[in-house]
Each structure stands twice: as structure tokens, then as C-alpha cells.
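What follows is one structure encoded as C-alpha cells, with my remarks underneath.
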Amino acid sequence: MSSIRLEGVVKKFYPDRPLFFRKSSLSSAIFALDHVYLEIKDGETMGVIGPTGCGKTTLLKVIAGLEKIEKGKVYFGNKDVTRLRPRERGIGMVFQTYALYPHMVTRENLAFPFRLRRWPEHMIDEKIEFTANTLGVGFRELLGRMPRTLSQGQKQRVALGRCIIRNPSVFLLDEPLSSLDAKLRIKTRMEIKKILRKFSVTTVYVTHDQSEAVALSHRIAIMREGKIEQVGTFEEVYNHPVNLFVAGFVGDPSMNLLQLTLAEKRGELIMGEPVYNLKIKVPKEWERKLREKEMVGKDLVFGIRPEHIELGKNKSSNGTFTFRAKVEDREVTINNKAHLFLRIGHHRLLATLENYRYLPAPGEEADFTFSVNKGKVFNKENGLALIS
Ligand code: ATP
342 MSSIRLEGVV KKFYPDRPLF FRKSSLSSAI FALDHVYLEI KDGETMGVIG
392 PTGCGKTTLL KVIAGLEKIE KGKVYFGNKD VTRLRPRERG IGMVFQTYAL
442 YPHMVTRENL AFPFRLRRWP EHMIDEKIEF TANTLGVGFR ELLGRMPRTL
492 SQGQKQRVAL GRCIIRNPSV FLLDEPLSSL DAKLRIKTRM EIKKILRKFS
542 VTTVYVTHDQ SEAVALSHRI AIMREGKIEQ VGTFEEVYNH PVNLFVAGFV
592 GDPSMNLLQL TLAEKRGELI MGEPVYNLKI KVPKEWERKL REKEMVGKDL
642 VFGIRPEHIE LGKNKSSNGT FTFRAKVEDR EVTINNKAHL FLRIGHHRLL
692 ATLENYRYLP APGEEADFTF SVNKGKVFNK ENGLALIS
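Residues in the sequence shown are numbered from 342 upward in steps of one, following this note's numbering.
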């Protein structure tokens, strides 16, 4: 087992460069990884999320040694592995397309790397026995079956088995569940979680599915355009996003973001905009920070999560903001939450309600309330969090 550390890693691609031109000033580079610093602790599972094309797969390939880098270093523990070839790194990889050898039954798929190294039969049997036990109920029945007779979920388990059997010191998983249906995906992710926790293998888990990253990972890294924007537990990145991008990306549905201006009136700070007479009083505890950052008179973005908006007025408590909005549409989810799509002037907001007694219909107007201090504030100019 070992930790993984990336220090200032740069990986560029030249998509419009013909293959035979190694260097050409005509082609423009894509920074698939742009000075990436990331540490994954020994035994930790790090989920990596981000929009398509942000560099997630490239990050995995660089850790695996499948892509050469222009700059920076990759360490496993204290060992510099930057120049080591993939098979010298002791990694196990599972991809979305888990290429099993189609002409071999599961047992042979698992045994293959050991046969290549001419291991004695009884030792291979022990390895297979151990892997079958680890992968739990039902795996043993798959040992005699050809890949074409297996379901997607079963193939995925065999691919995992093939990875585990080699006892890797680092586990790299790239969207391993994306070809499974929703039910099987949840079941399989729980199985993967059990295995990861049992072996405490240092793991990097790339996924499009945030809930998968949350379920499996100790911490999550959020990437954008080749850069790591924030690393933390889900609680940290969800409740304390460092910038607008993370605030908007983490969470489903995503945070409501209102573009407002900070003004001072009779000694009080107000976030608002004149057109629709929106005026949100800034909580006392935020004032000092906003003044220190010289934000008075400047544009900012106020973020409030849909689940923090309640239906109805709440005059009793201080520090709340009540507004009247038109319900444009509504959706009730299968777990009995209601999403209300609201409009105040040109602003669109989403409110997610639980335990509601009634729901306003599309076209109706209704009052809504949120506690202002549950919101976040960002500098509109650079996107950085001011209050988070
Ligand atoms: P997705 O979520 O869609 O799988 P990703 O976050 O995994 O995307 P990468 O596959 O790492 O993204 O790609 C990062 C960037 O590098 C993209 O702009 C992609 O087009 C580019 N890229 C990746 N591989 C190559 C390649 N072999 N040649 C040229 N450009 C590449």
C-alpha cells in the first residue's frame, strides 16, 4: 500500500498536430492537466469528479504511467515513479469497458497473469479461492462461465476480481459502473466499497456520478479544465465551496446563484438589485468580511441551495428573506420531494421541498423564505468565495 502524490503535473495534448510531427508551432496545446497538485493518503479512496473533458481520465492514466508528462512528479509513497513503466508501478485498473479475454472462462481470465509468470497450479488456485471469497456470494458460480454468457454487472465483478487478484498497491477505477442499470449500480458500488475498505487500497475513483463519488470516497477532488479546484470531504465541498464553479457543480440539483450588487443604506449592508426591488439584508456576522474585501458598491453572486428555500412566509425569525415568486413548473420526485421552478423578474430559482402539505400549481404565485446565513457569497469578478 502507498500514498499517491502529484506535484505540479502538466500534461498537454496537441489534437490538431499530425502524428508524424513531434513538435509543431502551428498546433495549439490542450492542457489536459495544468499544474496539478494532489495527495491521496495511504488507504484513502479519492473520488474525482468534473465536467466532461476536464482531465479526469488523463489524471488516472498519468498515475498509471500510461501517459508521459511534460512537467512535474508522481510519487507512490516516497518513491518517485514518474519515469517508471505501467507494469513497474503495481497498479490495478478497472475501466468502463472492462476488456475480458473473450475466449477464456472467468477462472482463466483471473489466472492469466499468473500463468504468464509460470506460477504453479496450486498457488493460482489459492489466489482464485481468495478472490472468490472476497467478491462474495455468487462469484464462485461465475468461475466456469465465458464472458459472453455474463451480464454487464457480472462482467464488472470479474473485471474487479482480475484487478484484486494481483494485489495492487494502488487501485484506479474509471467510471467502472457507468454501463450498469441504476439498481445494479447501487448494489455493485456497495460491493466495491466493501472491498476497498477491507483492503484499504489507495484508490482513485473517476466518475460522472456525484452520488457514486460521495458513497465511495473518503474525499472528493473537483476538476475543471485540467486543474483541481477543490479537494475535501463531501461535507466540506458541499457546504464550503471555495469558488462559484464548485458551488454550482457539487450538489444535485445545483445551488441557485443570484447576481446582485452590495450597497450600503443607513449603515446597513444590502445585497440587491433595483429592477425587481430585491433587497437581502446582509447578516451582521458577514459585514466585516465584506467591508474588508472592499465589496461595497460591487457586484457579487449570492448562492442559496434549493433545499434551503421553504414555502410560506416566516416573519417570526430574524435573518430570513421572504419573497413572492411565480411557480413556472413543478416536479415531484420518486422519493417524494417536490422541485418548484420559480421566477422573480428575470431571476430563476429552484426550491426543493420535503414534507410539504400543499404545492402551488404552475402559474400560481406564492411566498417563499430562506435563512440568509445559509447562503454563500462569491466575488462576481473572480468567482472566489467571500462567505462560505
Ligand atoms: P470525460 O468525462 O468525457 O471522460 P475526462 O474528464 O476524462 O472526460 P480526458 O479524457 O482526460 O477528460 O481529456 C482531457 C482533455 O484532453 C480533453 O480536452 C480531451 O479532448 C483531451 N485529450 C485526451 N486524450 C487526448 C489525446 N489522446 N489526444 C488529444 N487530446 C486528448
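All residues carry an ideal CB built from backbone N, CA and C; glycine is no exception. No experiment lies behind these values; they were computed from the predicted model shown.
Going straight from the alpha carbon of residue i to that of residue j, what length do you get?
i: Arg530; j: Thr663; result: 41 angstroms
i: Val403; j: Phe436; result: 15 angstroms
i: Thr330; j: Ile650; result: An answer regarding residue 330 cannot be provided, because it is not within the stretch 342 to 729 covered by the chain.
i: Glu736; j: Leu379; result: Because residue 736 is not part of the residues shown, which for the chain are 342 to 729, the question remains open.
i: His549; j: Pro392; result: 8 angstroms
i: Gly477; j: Ser343; result: 26 angstroms
i: Ala473; j: Gly644; result: 48 angstroms
i: Lys397; j: Leu681; result: 33 angstroms
i: Arg689; j: Arg629; result: 29 angstroms
i: Pro461; j: Leu407; result: 30 angstroms
i: Asn714; j: Pro624; result: 7 angstroms
i: Glu614; j: Ile621; result: 9 angstroms
i: Lys353; j: Ile371; result: 5 angstroms
i: Leu484; j: Ala679; result: 46 angstroms
i: Val351; j: Thr544; result: 21 angstroms
i: Asp421; j: Val578; result: 30 angstroms
i: Phe512; j: Leu601; result: 45 angstroms
i: Ser729; j: Asn696; result: 27 angstroms
i: Asn508; j: Met464; result: 14 angstroms
i: Thr674; j: Leu691; result: 14 angstroms
i: Leu619; j: Glu411; result: 50 angstroms
i: Ser552; j: Arg607; result: 45 angstroms
i: Val572; j: Gly413; result: 19 angstroms
i: Leu401; j: Leu374; result: 11 angstroms
i: Thr490; j: Arg456; result: 24 angstroms
i: Pro488; j: Glu482; result: 13 angstroms
i: Thr447; j: Arg486; result: 6 angstroms
i: Arg646; j: Ile432; result: 39 angstroms
With hydrogens ignored, establish whether the beta-carbon of residue i is closer than 7 angstroms to any heavy atom of the ligand ATP.
i: His688; result: no
i: His376; result: no
i: Lys397; result: yes
i: Gly704; result: no
i: Pro701; result: no
i: Phe436; result: no
i: Phe586; result: no
i: Thr548; result: no
i: Thr543; result: no
i: Ala726; result: no
i: Phe540; result: no
i: Phe354; result: yes
i: Thr423; result: no
i: Ile371; result: yes
i: Tyr413; result: In the sequence as presented, Tyr is not what sits at residue 413; that position holds Gly. Not so, every heavy atom of the ligand ATP lies at least 7 angstroms from the Cβ.
i: Gly391; result: yes
i: Gly608; result: no
i: Gly394; result: yes
Would you mind reading off the limits of the beta strand (DSSP E) that contains residue i?
i: Ser712; result: 706 to 712
i: Asn720; result: 717 to 720
i: Ile404; result: Counting along the chain, Ile404 falls outside any beta strand (DSSP E), though it belongs to the alpha helix (DSSP H) covering 397 to 405.
i: Ile569; result: 568 to 573
i: Thr544; result: 543 to 547
i: Arg565; result: 560 to 565
i: Val351; result: 345 to 354
i: Thr447; result: It is not in any beta strand (DSSP E) - Thr447 instead sits in the alpha helix (DSSP H) that spans 447 to 457.
i: Phe682; result: 679 to 685
i: Ala604; result: 597 to 606
i: Leu631; result: Unbroken run through Leu631 is the alpha helix (DSSP H), 625 to 633; no beta strand (DSSP E).
i: Ile728; result: 726 to 728
i: Phe512; result: 511 to 515
i: Arg689; result: 688 to 694
i: Lys639; result: Element bounds for Lys639: n/a, residue is neither H nor E.
i: Thr674; result: No beta strand (DSSP E) contains Thr674, which DSSP labels as neither H nor E.
Assuming residue i is part of the alpha helix (DSSP H), what are its boundary residues?
i: Asn474; result: 462 to 476
i: Val389; result: Where Val389 is concerned, there is no enclosing alpha helix (DSSP H), although the beta strand (DSSP E) it sits in stretches over 386 to 390.
i: Lys534; result: 523 to 540
i: Ala556; result: 551 to 557
i: Glu650; result: Sequence inspection shows Ile at residue 650; the Glu mentioned does not correspond to that position. From DSSP, Ile650 is part of no alpha helix (DSSP H); its letter is neither H nor E.
i: Met498; result: In the sequence on display, residue 498 carries Arg and not Met. Unbroken alpha helix (DSSP H) run through Arg498: 493 to 505.
i: Leu374; result: Not the alpha helix (DSSP H): Leu374 falls in the beta strand (DSSP E), residues 371 to 381.
i: Gly589; result: 585 to 590
Using a Cβ-based criterion (distance less than 7 angstroms to any ligand heavy atom), does residue i qualify as near the ligand SAM?
i: Leu518; result: The ligand SAM is not part of this structure, which contains only the ligand ATP.
Flag residue i as yes if its beta-carbon sits less than 8 angstroms from any beta-carbon of chain D, otherwise no.
i: Gly686; result: Included in the structure is just one protein chain, with no chain D present.
**Message:** Using 8 angstroms as the cut-off, can you tell me whether the stretch 442 to 451 makes contact with the stretch 495 to 512, which would need three or more C-beta pairs spanning the two stretches below that distance?
**Reply:** yes
**Request:** Count the CB pairs spanning the stretch 720 to 728 and the stretch 628 to 640 that are closer than 8 angstroms, and state whether there are at least three.
**Result:** yes
**Message:** When you compare the stretch 665 to 684 with the stretch 706 to 716, are there three or more beta-carbon pairs, one atom per stretch, that lie closer than 8 angstroms?
**Reply:** yes
**Request:** Determine contact between the stretch 371 to 391 and the stretch 422 to 433, defined as no fewer than three beta-carbon pairs at a distance below 8 angstroms.
**Result:** no
**Asked** Using 8 angstroms as the Cβ pair cut-off and three pairs as the minimum, do the stretch 563 to 574 and the stretch 585 to 599 touch?
**Response** yes
**Prompt:** Is the stretch 483 to 501 touching the stretch 515 to 527 in the sense that three or more CB pairs, one from each, lie closer than 8 angstroms?
**Reply:** yes
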